Amino acid sequence: QVQLVESGGGLVQAGGSLRLSCVASGSIASSDTMAWYRQSPGKQRDLVASIRGPDTTNYGASVKGRFTISRDYAKNTVDLQMNALDTDDTAVYYCYLRKRWGTQYWGQGTQVTVSS
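In terms of the working numbering, the sequence shown opens at residue 161 and continues consecutively.
Encoded structure:
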């Protein structure tokens, strides 16, 4: 079993920065894919960024160049550095982990609100 706990959400003005962190506990392997998703009211949950292995990353088109995902394999954490935030980034952000055999886990989510 895996537990994911996010932190770092909050209220920020447009143009500002926030850093989200997720701590994973339980049976964690370096082969697990970890990611951040986000969901706004009335919209589907979308991929923000994912990381697998030492340097295989993938970003959603709307955040590329502004957000950076990183992972500490020793601490079982995954962070999301968010820069140049705009109001469209307002959402609940979820930490995600997928085992190599397909089992998926989600965190409880953390709210990010960007004010104009």
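Where a beta carbon is used, it is the ideal one built from N, C-alpha and C, also for glycine. No experiment lies behind these values; they were computed from the predicted model shown.
| query | result |
| --- | --- |
| Pair within 9 Å by beta-carbon distance, Tyr197 and Tyr265 | no |
| Anticipated Cβ contact below 8 Å, Val175 with Leu245, distance rounded | According to the sequence as given, residue 175 is Gly; it is not Val. Between Leu245 and Gly175 the Cβ distance is about 7 Å, and since that is below 8 Å, they are a contact. |
| Beta-carbon separation (whole angstroms), Val274 vs Thr250, contact threshold 8 Å | 5 Å |
| Counted within 10 angstroms of its Cβ, other Cβ atoms place Ser210 as buried (16 or more) or exposed | buried |
| CB of Gln204 within 9 Å of CB of Ser187, strictly | no |
| Which residues DSSP lists as bridging Leu207, in chain order | Tyr197 |
| 7 Å Cβ shell around Ser200 - same chain, five flanking residues per side excluded | Thr250 and Ala251 |
| Ordered list of beta strand (DSSP E) runs contained in the segment 205-256, each at least 3 residues | 206-212, 216-219, 227-232 and 237-242 |
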